[in-house]
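Everything on this sheet refers to the single structure shown next.
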Amino acid sequence: MRFIQITDTHLGPTPDYLLRGTNTYRILEKLVDLINRLPFQAEFVIHTGDVIDDMSAESYKVAKSVLERIKRPIYYLVGNHDNTTHLQKILLGKKSAKKRLDYQFEAGGVEFAVFDTHGNKDPSGLLLPEQIKLLREICKPRGKPLMIVTHHQPVPLDVPWLDNGAIDWMPGQFMKIENSEEFLDAILPARKRIRGVMFGHVHRGFQTTHKGIFFFSSPSSSAQLESWPDSKKPDSSDDEMPGFNIVTVDADGIIVRQHHFRP
Ligand SMILES: [Fe+2]
Numbered sequence: 015m016r017f018i019q020i021t022d023t024h025l026g027p028t029p030d031y032l033l034r035g036t037n038t039y040r041i042l043e044k045l046v047d048l049i050n051r052l053p054f055q056a057e058f059v060i061h062t063g064d065v066i067d068d069m070s071a072e073s074y075k076v077a078k079s080v081l082e083r084i085k086r087p088i089y090y091l092v093g094n095h096d097n098t099t100h101l102q103k104i105l106l107g108k109k110s111a112k113k114r115l116d117y118q119f120e121a122g123g124v125e126f127a128v129f130d131t132h133g134n135k136d137p138s139g140l141l142l143p144e145q146i147k148l149l150r151e152i153c154k155p156r157g158k159p160l161m162i163v164t165h166h167q168p169v170p171l172d173v174p175w176l177d178n179g180a181i182d183w184m185p186g187q188f189m190k191i192e193n194s195e196e197f198l199d200a201i202l203p204a205r206k207r208i209r210g211v212m213f214g215h216v217h218r219g220f221q222t223t224h225k226g227i228f229f230f231s232s233p234s235s236s237a238q239l240e241s242w243p244d245s246k247k248p249d250s251s252d253d254e255m256p257g258f259n260i261v262t263v264d265a266d267g268i269i270v271r272q273h274h275f276r277p
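Going by the numbering used here, the first residue of the sequence shown is number 15, and it counts up by one from there.
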């Protein structure tokens, strides 16, 4: 079973919108064209959040005009730059919107559990008590191979501004899921079933094993941020290309392939 992870496209309300000097609309058009021409089968695309940059309805209309050209089913997550209601009503065409966009689905014998981790203190993430309860119900020791999907990262990544917050730049604000210890405690019983916990948000590809579970992110599908082991705040990275993940899951394991493309 194979799928594509895209993330953090950060579209604006007009096609000429710039994110830190990058035209995200033009890059998304290129990405969609590339995905449609991939020379192999992939069951679906999953967008791990921050579809748009400014929470506006206009930006979702712009995003939809490009993303609806993808010739595969596409799933969405809510990121800290997203508006949960606009995302469901405009992008997904729903009549009413849930407060939290959590859902589960199955593909090729693999279970996917998607959690909306938008927090109260942007840009940090949070799982509500009822979400932790649901996570515990899903994460039984026995069952099909399982993938857990969030926007925010639940693990340390050896980068000060991602792990502890950019102390001087945005005091008191954090990038991680605030209650990540609760999250980890809830998923641990399913350790042998979990093929991976995947996320976006951090604007670069990471892979890490934490407490015996594999965690990974996709490069941003628009622009990367510098995240060295001593980076204290998020600086733009000018020399790295946008990208996405090609993920293959089977009964025995997982392969995550990062692909970058010229903007
Ligand atoms: Fe984000």
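For every residue, glycine included, the Cβ atom is placed at its ideal position computed from N, Cα and C.
Notebook entry, point to check: How many Å lie between Pro277 and Ile41 at the Cα?
Noted result: 5 angstroms
Note to self: What residue range does the beta strand (DSSP E) around Thr222 cover?
What the structure shows: Gln221 to His224
Notebook entry, point to check: According to the Cβ coordinates, are Thr98 and Ser236 closer than 7 angstroms?
Noted result: no
Check: Got a sec: does ligand 1 put a non-hydrogen atom nearer than 6 angstroms to the Cβ of Asp67?
Finding: no
Notebook entry, point to check: How do the region 163 to 178 and the region 223 to 236 stand: do at least 3 beta-carbon pairs fall below 8 angstroms, yes or no?
Noted result: yes
Margin query: Between which two residues does the alpha helix (DSSP H) holding Ile146 run?
Written below: Pro143 to Ile152
Next item on the list: Use the C-beta contact count for Thr28: other C-beta atoms within 10 angstroms, 16 or more gives buried, fewer gives exposed.
Entry: exposed
Notebook entry, point to check: Is the region 239 to 254 touching the region 195 to 208, taking contact as three or more C-beta pairs under 8 angstroms?
Noted result: no
Notebook entry, point to check: If we ignore side chains and look at the alpha-carbon of each, how far apart do Pro143 and Pro53 end up?
Noted result: 43 angstroms
Check: Of the residues Arg156, Gln118 and Lys135, which one's Cα is nearest the Cα of Ile162?
Finding: Gln118
Check: What are the start and end residues of the alpha helix (DSSP H) that includes Tyr39?
Finding: Thr38 to Asn50
Notebook entry, point to check: For the region 259 to 268 against the region 15 to 27, are there 3 or more C-beta pairs whose distance is under 8 angstroms?
Noted result: yes
Next item on the list: Just grab the DSSP bridge partners of Arg16 for me.
Entry: Thr262
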